[in-house]
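Here is the structure we will look at.
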Amino acid sequence: MEKKKMTRGTKKLVEDAISQLEPSKKNNTNAICEKMVEMLVDRFDGANLDYQLKRMDLETTGRIIEKIDEYFQKHPNLLFEETDSQELATT
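Count the sequence shown with my numbering and you get residues 599 to 689, in order.
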């Protein structure tokens, strides 16, 4: 399958999902995936959900995880940002 470029909507969805998680889960790919699915199901329904998932290339859990990984590859500073600030607060 041809790899599609991440859409602005997908990037925003990943960012929104991360922002809604508690700090200890912001780097957890599975927690982000679960939050993204929850947000998509709440936002779209039926055929519209299927259309949006296909358009954003998020039709499977595997594809969602790939997009999350791609997001963190492009923004590596965000991967440890929350963890670092938590460690500083406890020292």
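In this text, a Cβ means the ideal position worked out from N, Cα and C, and glycines have one as well.
Cα-Cα separation, residue i to residue j
{"i": "MET604", "j": "LYS623", "result": "22 Å"}
{"i": "LEU656", "j": "GLN671", "result": "18 Å"}
{"i": "ILE662", "j": "GLU620", "result": "20 Å"}
{"i": "LYS610", "j": "LEU651", "result": "14 Å"}
{"i": "VAL612", "j": "ILE630", "result": "7 Å"}
{"i": "ASN675", "j": "LYS665", "result": "17 Å"}
Residues near residue i in its chain [Cβ-Cβ closer than 7 Å; skip 5 each side]
{"i": "ASP614", "result": "MET637"}
{"i": "GLN618", "result": "LYS633"}
{"i": "GLU668", "result": "MET604"}
Buried versus exposed, by CB contacts within 10 Å (16 or more), residue i
{"i": "LEU647", "result": "exposed"}
{"i": "THR608", "result": "buried"}
{"i": "VAL639", "result": "exposed"}
Sequence-distant residues of its chain with Cβ nearer than 6 Å to residue i (five each side left out)
{"i": "LYS602", "result": "ASP655"}
{"i": "VAL635", "result": "none"}
In chain order, what are the residue ranges of uninterrupted alpha helix (DSSP H) at least 4 long that sit wholly in the stretch 648-673? Within the stretch 648-673, the complete alpha helix (DSSP H) runs of at least 4 residues are 659-672.
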